[in-house]
Structures are given as C-alpha cells and as structure tokens.
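Reviewing the structure listed below.
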Amino acid sequence: MTTTLNCQGLRKKYPGQEQYALGPDEEGVSIQAERGELLALLGPSGCGKTTTLGIMGGFVEADQGRVEIEGRDVTGLKPYKRPTNTVFQGYALFPHMNVESNVGFGLKMDGISKKERQGRVDRVLSLVGLEGYNKRKVSELSGGQAQRAALARAMAKEPALLLLDEPLGALDLKLRRQMQEELVRLKERSGTTFVHVTHDQEEACAIADRVAVMEDGRIVQVDTPEELFRAPASRYVAEFINAGTVISGENARRGDMIEVRGPDIAVTGAASRASNGSSTFAAVLVPKMLDIRPADRAGEGEAGTDEVTATISHVVFNGSNHQVHATVSEETDLRIDLGQREYARFQEDGLEPGKPAIVSWHRSDVIMVADERA
Amino acid sequence: MTVPAILVVIVGFILPLLVMAVYSFWPTHNGEIVHQWTFSNYTKAFASGGTYLRTLFDTFKFVGLSALVTVLLTFPFAYFVAVRARPSMRPVWLIAAIVPFWTSYLVRVFAWQNLFGDNGVINQALMRLHLASSPVEFFAYDRPAILITFVYLLFPMAFLTTYISLERLDVRLLRAASDLGARPWRSLTAVIIPFCKSGLIAGFIMCFIVMAGDYVTPTLIGGTNGIFFSNLIVNQFGGSLQWGFGAALGFILLASFAVLLIVLRVASGGGVQSVGEYTRQYSRERSPFLLGYAIAFILFLYIPVVLLILFGLNASDIVGFPIKGITLHWVSAVFDDPNLIQALMLSLQIALIAVLTSVVLGTLAAVQMARTKGKYRNVNLFLLSMPLLLPPVILGLGVVIGMNAIGVERGLWSIVLAHVIFTLPVATLLILVRLEGFDLAQEKAAMDLGAKPIRAFAYITLPQALPGIIAAAMVCFALSMDEFIMTFLVTGSQVTLPLYIYSAIRFQISPELMALAAVIIVASFTIILLGALVAFGRDRTWGRKEQRI
Chain A
2 MTTTLNCQGL RKKYPGQEQY ALGPDEEGVS IQAERGELLA LLGPSGCGKT
52 TTLGIMGGFV EADQGRVEIE GRDVTGLKPY KRPTNTVFQG YALFPHMNVE
102 SNVGFGLKMD GISKKERQGR VDRVLSLVGL EGYNKRKVSE LSGGQAQRAA
152 LARAMAKEPA LLLLDEPLGA LDLKLRRQMQ EELVRLKERS GTTFVHVTHD
202 QEEACAIADR VAVMEDGRIV QVDTPEELFR APASRYVAEF INAGTVISGE
252 NARRGDMIEV RGPDIAVTGA ASRASNGSST FAAVLVPKML DIRPADRAGE
302 GEAGTDEVTA TISHVVFNGS NHQVHATVSE ETDLRIDLGQ REYARFQEDG
352 LEPGKPAIVS WHRSDVIMVA DERA
Chain B
2 MTVPAILVVI VGFILPLLVM AVYSFWPTHN GEIVHQWTFS NYTKAFASGG
52 TYLRTLFDTF KFVGLSALVT VLLTFPFAYF VAVRARPSMR PVWLIAAIVP
102 FWTSYLVRVF AWQNLFGDNG VINQALMRLH LASSPVEFFA YDRPAILITF
152 VYLLFPMAFL TTYISLERLD VRLLRAASDL GARPWRSLTA VIIPFCKSGL
202 IAGFIMCFIV MAGDYVTPTL IGGTNGIFFS NLIVNQFGGS LQWGFGAALG
252 FILLASFAVL LIVLRVASGG GVQSVGEYTR QYSRERSPFL LGYAIAFILF
302 LYIPVVLLIL FGLNASDIVG FPIKGITLHW VSAVFDDPNL IQALMLSLQI
352 ALIAVLTSVV LGTLAAVQMA RTKGKYRNVN LFLLSMPLLL PPVILGLGVV
402 IGMNAIGVER GLWSIVLAHV IFTLPVATLL ILVRLEGFDL AQEKAAMDLG
452 AKPIRAFAYI TLPQALPGII AAAMVCFALS MDEFIMTFLV TGSQVTLPLY
502 IYSAIRFQIS PELMALAAVI IVASFTIILL GALVAFGRDR TWGRKEQRI
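Protein chains in written order, with our numbering: chain A, 2 to 375; chain B, 2 to 550.
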C-alpha cells in the first residue's frame, strides 16, 4: 500500500480566537490515508474536522505542519494547484450552468478540448448514475441528483484525493443510506482515496475503512469501525459512537480486573488494549451483550457473569431488534438489544414495562475505557 | 476592493461635511468667508425673530404629516399586492407601481403643476363650468396641492418598503389568528401591523427624508406658501452668498434629522426584523374593496402622466382640453431646440461617466462585502450607504463648500462627483442585494476545480452578479439623468437637462414643454422596462434553499 495523504503536525488558530481550532497540543495533528482508502473524520461540530479538510484542500492555511499528497509537498499551494477535489457541504453547484458545464468546469480550467471534455463528462455522469442529465439545469435536480452531480464534478478531474464535506447531510434518511452504499461502490470502482467528514457515527462506520474520531481539535482514535466499537480509546469515543451505557465511578483493582462502582451498579471487567496506561476507567455495557430475565430468577447466572436488578421502563422496536430500556435507579438506564427469538422468550417470561427484572452480562464482554472526566 | 468606493465617499462626502462644519463657525463678509471662529451663524439662526426655527418646525410638521398620509394610503395597496393578489399577477402590480418612480422627478412635479396651477387643468375646468370665477387657491400654490404631489411622488418608495416587509408574511398566520377567534380587524391590528411595523417606519423615514430635503416641489407647486427649510438653505448660496450661515442652517437640519431618526429607531424597537420567508402564498379571499382601491391608486399614478403626454400631442396652442387632434408638431419642435439638445448631450455625458464609475467601483465593493461578514462588512456598509441617508441638498452643499475651500472652479467634474456620491451607494447596494443569496462556496469550488481567483470571478461570480449590475447601471443612469438639486448647487455655467427643464417650467407652460415631458416619460419608461426585462427575465436560480426530497 502506498500513502496518498500524509499530514504531519497540523495546527490552526483562527484570528481573534483564543483556542486552537486544530492541534491545541504542540505536536499538532497528524494523519495518513492509504491509496484507495476511505477515511472518515468523525466528530461533533467545532471539533476541527472541517478545518482539517480545509487544510487538505488548500482553503485553510495551517499555522504549522505539512501536507503531502502522493509524496509531494503541497503545503502552501493554492487549491487550484492541488491534486485534490472537494464535494462541498450544500454542493456549491454553479446555478447558472447546466449539469454538463458544472461537471466539465474543472476540465475546462485545465484547458482540455471541448471534444475530449464531452467524452469524459459522459463517462463520469454514467459512473454516478446521471446518464443523459447533461443539459439539465441545476435547479431542476432533486437533492439526490444534485449530490451525484457534485460528486461527478469533483471526480471528473480524477483527483488523487477526493474530499467530502458532510456530503450527505442534506438528504433524508433513506436516500442517505442509499448514497452511502453508492459512495463505497464508487470508491471501489475508481480506486480514488476519499476523506469524508461527518458528524454521523452510523454513516462513518457504514462506509469508512478507517474512522478518525476528533475531539476539541485533536484526533483521539483512528481505527477500523469494528475496532472502534470493540475497543473505544476513551469514554468520549464510547459515548460519541454510542457504544453502550457508560458507567463511571470509583475504581478498584482486583488483579487484572477492575471494578467500577457506579452510584447504583458495580461493573467488573478487564482493561482493554486501547485504554492501557490510563489511571481511571469507566465501564461500557454494550446493549447486544446484555441478557434480561424475570426478577425471581436472581443468581441463576453462570460463572463469570454479573447481574443487577432493574425496572423495565419501555421497549423500542427499530424494525429488526427490540431494545429494552431498564432503569436500575434514577442514575442508570441500561439498554438491552433483543433479537426476534430473544424477544419471544422475553414475552413468554411475562416481562413488560413496569416489571422488575434481572439484567446480566459476562465480565469478558465489559469494555473498560479511560475516563478522562473522572 | 472596497477601498476605491470608500475613497469616493470620503472625498465626496465625509471631507466636504467636515469642511462644512468648519464653515458653519466662520462668518461671511461681502460674500467671502472669513477665517474667524464664531457662533454668530448659529445665534443668527436661532434668533432672527424665530423665522428660521419656525420654518424648520413648520417644514417638519407638514412633511411628517405628508409622510404619514403617504404610508397610510400605501398600506392597503401594499397589503393587497403582497397578500391578496395572485402570485402570478404580483410582478404586474409591482412594475405598474414602481415604474413611475424611475421617471423624471421634475417631470412628475410638472405633471401636477399642469393639473393644479392657476392655469392648471382643474382650475380651467372649474372656470369653464362656471363653478368658480377665479382660480381656486386650494388647487393652486397651496399646501394641499403640495401634499397630494408628495403622496404621488413618494408612493412607490413607501409602497416598496411596506411591500417587502409584507411579502414575508405567512398567510397561515392569518388563518391561525382567525382560528383563534380574531376578527379581520383584530387580525390587522394584532398580527399584520406588528409584523410589518419596521417596514412602515422605514417607509415613513425614507419619505420624510426625501420630502424634507425637497426643493423643487415646494417651489413649483407651493409658490409663496411653499417655503421649506431647504429653500432657505439654498437661498443662502444664491445671490446672498452667505456661506457660513448656509452651512450652519445645513447642520441644524442634519441635527434635527438625527434626533428624529433616533427617536423613530427607539420607537420601532431598534433593528429591522427579518422573520419569515419570502412566500408565494396568498389568501384566496376575494376583496372587491381592496382590488378597487388598488386600481384607483394605479389610475392616480398614471392619469397626470397620461394627461401630460396627451397635451404634448394635442394640436392646439393652448395647454389643456379640448383635444383638437393629435400632432407630432410639438415633439419635433423639441428636437429643433439647440439649447435643449446641448443640455441633453451634457446630461448624457455626465450620466455615462457617473454610471461607469459607480458600476465598476460598486461591483468591486459589493463582491468584497458579499465575501466578508462581521464588523468589517458592517463598517463598509455603513460608510457606503451614509450618503443615501442625507437629503441631496446637504450633499450638494458639501461639494460646493468643499470646492470653495480648496479653491477649485465648479464645472463638469464637480457635477460628476456630486452624482457619483449618490449613484455609487445605490449601485453598490443593488449589486450587493443581488449577491446576497450567492453561495460563497461556489468561488471555493471553482478554485478547487483549478480556476485561479480571477477566472473564478469571471466564470462564476460575475455572470451571477450581472443582472444586478445591469439593473444598477439602469437605475444610476435614470438617477443621474434626473438629478436636479445637487446639480443646481454645484454647477458652474453648465446646463443639464433637468436644469433646462426647471428654468423652462418656471418661465411658462407651453405645448412644447408638454411634448418634452412626454418624450422624457416615454424614453424613461422604455429604458426601465428594458432594464427590468434584462434583470428579471433570467431565471433566478441562485439562493435557492437546500432542497429536500
């Protein structure tokens, strides 16, 4: 694998602001993307992800650090001299041009002849599924079509690096899901490297090869989506990707194991790989790994399981799973994901909202994360 | 890129005002200013048996009433067009209401003089029908005549500000109000008027500023009963050459304006509200009364103009009825007058320079301002729109006094400078409005796709600003061709078209004059309609809200 993008030690402070929008620590922010990879920058608004993308595309000048694309130093180069193209938030399609002129604009700027342009525009339009839309006005496109046109425009120059700034944010849920799949398909077919900025953790995990989670101008974890869920680096990451119910409180060491004593619940587990070296931990109870049974069957759990008594508050059906919400006390709300068979048993057991129940889990399924807020 | 435009405002507006401030503390002896600090100009203004102050108070009282009447009469019409008229018919109403605004101010005043004067159509008719033995004062040279003329002149301006605020009114609000038990009258007072309050107040302020600074209407329509404060100011620079005293009177007017604006701003609760979205909704309720009112108003706007044209084509030596036949005799006489042709050419020359300067500098400034936000933009916007907040009389005085201070002869260039001072802000604001919905990410996108900044501007920004630029050019052209009071003050020996017409009107009302007015009206209607077609003919696709499926 070759590295397409290599950012080293990026820092940025906007004029008139006290804090660094990116790279509050002296060493700055570094990140790489391999050729053909889809890297997602994930974080809440104001975390610095759009600034990072701007530095890659040349719209924002970093105070420190360097950007290399395909081994070439592009730091300080203007956007029009970089081998990158961007799909902008809200698309920024040129409203006074038709689809064809929009998509061909970059090629025209490169001085490519009208004839060759036509062929390449047709090809990229069919790649994004907009064959025959050449003469369409931008105002006549639906949201999804405008999204595809923006993609086509950015891909027409076959950039080394494609930057996407919340490209699916304006679409409704169903269309967003569909476009997520198409983005992955496009990436596979074009072999282009994608950097995709989003605040939607589901979207990031659905499409990215690797996800970089950002917090307050820092990158706090870069991992595959699976690894992100298996071993979140911190309580912040666990909460942001919604890995499960986070229990925090006093820590007690028992050999390799750590017990976290929450206000109304004690959870024991092994410190995960990612969080080693931290002093204080929070425990994450993952909904898929929890079991629920009637209150009269307390203490029936196998070895290595822990349990707690909770009151079922409500059940949410999301189309495939049932999620049971159960409160231990005011402080802790546990979520238990049940598949169809598990839910049938739940009903057979006579469990329903308002009734007490035993919630149990394997100690080995508990994820321990660094609790930076403790 | 706002720098050149700001420079023009500083040189043509701010520095002259400062010089004027200094002059107001210097006495004048034998038409020459004496460099000696004194309050005598101000004490004279406040003393003098109270004449000046009384005139000021009187002017404000009358102008305030006129502005109020204008806004009130405008409101039902604006409400009808914004809420009750079918969206497809709105442009027709809008154009019908606004077009007269862009025809010569002087000619429109003349149109009413034609109706009201001693020998005006109304008095002639009254006498012919033996309803009066001598001209009735009410319809000649009196306050009611000025009031009606003012309403006529400023109706389009008041209409536009009210309309813009009403256009955002969500018709569902009215349905909600009636659903909650509000009768139509309560809906009006509890929902509609509070909603467009800021628009009404803005309309009042604009009318007030124009009326209080007007020199032509009181002079031509009001006769001896029409002495306004601005007439007093201008008189100081006529034969008497009371530079310092005139400057002091100017500042008294300015200070009174400032107080009034602050009071109104506080009364309107500060700041302009911008709630709601532009809608294409309308209420389907039929209202014969409002429709009749709107039609009557349009007739009121066009009848004086139509009469002018009719008299200009009338094959009779007397201005007025009966129409003895249609002839182009008077029209061709107009074009045979070498003085008039000379005045026309001079006006065209000045307008051309003013338009080019305003549009180029205005475009640069507007593009820059559209790109920036916050304090920098607000300061620029304030500086650039300041000349529009003052009556042209004051602007003209500033230029005259400024040129006197540095000892420059008045002439063509002083007229051009005076025109640019107010056409440049107009051009900048019009282009800025056009660019307001422009997504700045488009320029970024163009650069991202390989366009250098200058090409991004040429391919992306300029084409989208172009309708605004063309509209700005048209409006500036019309304004410059029509400008009277500033030109009157700053000209040396040059006679522009409006100056020519003014002196002709004062001399006598003749069929030739009617024909000239008719030609000017037809020419400006044509230009405005062409401009409107260019500016609005294109599809307005930018600024569209993000679309959802």
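Cβ atoms here follow ideal geometry from the backbone N, Cα and C, with glycine treated the same way.
The continuous beta strand (DSSP E) containing Asn252 (chain A) extends over residues 251-255. Residue contact with chain A for Gln369 (chain B): absent (no Cβ-Cβ distance below 8 Å to any residue of chain A). Scanning its chain for C-beta atoms nearer than 7 Å, with the 5 sequence neighbours on each side dropped, one finds around His36 (chain B) the residues Trp27, in chain order. The secondary-structure analysis by DSSP pairs Ala41 (chain A) across a beta bridge with A:His197, A:Val212. Just so you know, the alpha carbons of Ser102 (chain A) and Val212 (chain A) end up roughly 34 Å apart. A Cβ-Cβ contact shorter than 8 Å links Ala153 (chain A) with Val125 (chain A).
For the region 75-86 of chain A, the beta-carbon criterion of a distance under 9 Å to any beta-carbon of chain B is satisfied by Lys79, Pro80, Tyr81, Lys82, Arg83, Thr85, Asn86. Straight-line spacing of the CA atoms in Val172 (chain B) and Ala86 (chain B) works out to 12 Å. A distance below 8 Å separates the beta carbons of Ala284 (chain A) and Val268 (chain A). For Glu308 (chain A), the enclosing beta strand (DSSP E) has its first and last residue at 306-318. A residue is called buried once 16 or more other Cβ atoms fall within 10 Å of its Cβ, and Trp186 (chain B), having fewer, is exposed. For Arg154 (chain A), the C-beta contacts it makes with chain B under 9 Å involve Ala446, Leu450, in order along the chain. Taking 8 Å as the upper bound for CB-CB distance, Ala371 (chain B) and Leu433 (chain B) are in contact here, some 6 Å apart. Within the DSSP secondary-structure output, Tyr92 (chain A) pairs in a beta bridge with A:Phe89. The beta-carbon of Ala161 (chain A) is placed no less than 8 Å from the nearest beta-carbon of chain B. Residues of the region 104-115 of chain A that bring their beta carbon within less than 8 Å of a beta carbon in chain B comprise Phe106, Gly107, Met110, Asp111, in sequence order. Non-local beta-carbon contacts of Ser257 (chain B) in its own chain, meaning distances under 8 Å to residues more than five positions away in sequence, involve Leu57, Phe61 in chain order.
Around the Cβ of Leu396 (chain B), a 10 Å sphere holds 16 or more other Cβ atoms; the residue is buried. Closest option to Val214 (chain A), judged by alpha-carbon separation, among A:Leu40, A:Cys8, A:Pro16, A:Gly133: A:Leu40. Rounded to the nearest angstrom, the gap between the Cα atoms of Ser143 (chain A) and Ala93 (chain A) is 14 Å. Closer than 8 Å to the CB of Ala345 (chain A) there is not a single CB belonging to chain B. In this model, Asp318 (chain B) and Ser511 (chain B) are separated by some 8 Å (Cα to Cα).
Membership of Ser321 (chain A) in any beta strand (DSSP E) is not indicated, and neither H nor E is assigned to it by DSSP. Here the alpha carbon of Ile529 (chain B) sits roughly 19 Å from the alpha carbon of Phe423 (chain B). With the rule of 3 Cβ pairs closer than 8 Å, the region 103-116 of chain A does not count as touching the region 466-486 of chain B. Pairing Met387 (chain B) with Phe14 (chain B) gives a Cβ-Cβ distance under 8 Å. By the beta-carbon neighbour count (other beta carbons within 10 angstroms, threshold 16), Leu42 (chain A) is buried. As summarised for the region 57-118 of chain A, the continuous beta strand (DSSP E) elements at least 3 residues long and confined to that stretch are 65-70, 85-88, given in chain order.
In this model, Tyr501 (chain B) and Gly105 (chain A) are separated by some 56 Å (Cα to Cα). The three-state secondary structure of Lys14 (chain A), taken from DSSP, is coil. Within the region 41-61 of chain A, those residues whose Cβ lies closer than 7 Å to any Cβ of chain B are, in chain order, Gly58, Phe60. Apart from the 5 residues on each side of it in sequence, Leu95 (chain B) sits with its Cβ closer than 8 Å to the Cβ of Val82, Tyr164 in its chain, given in chain order.
For Thr71 (chain B), the uninterrupted alpha helix (DSSP H) segment begins and ends at 52-80. Apart from sequence neighbours up to five positions away, the residues of its chain that approach Val356 (chain B) with a beta-carbon distance below 6 Å are Ala474, Cys477, Phe478, ordered along the chain.
Sequence-distant Cβ neighbours of Lys13 (chain A) in its own chain, meaning closer than 7 Å and more than five residues away, are Tyr21, Ala22, Leu23, Gly24, Thr52, Ile56, Val61, Ala63, Asp64.
Inter-segment contact for the region 514-521 of chain B and the region 105-114 of chain B is present: three or more beta-carbon pairs are separated by less than 8 Å.
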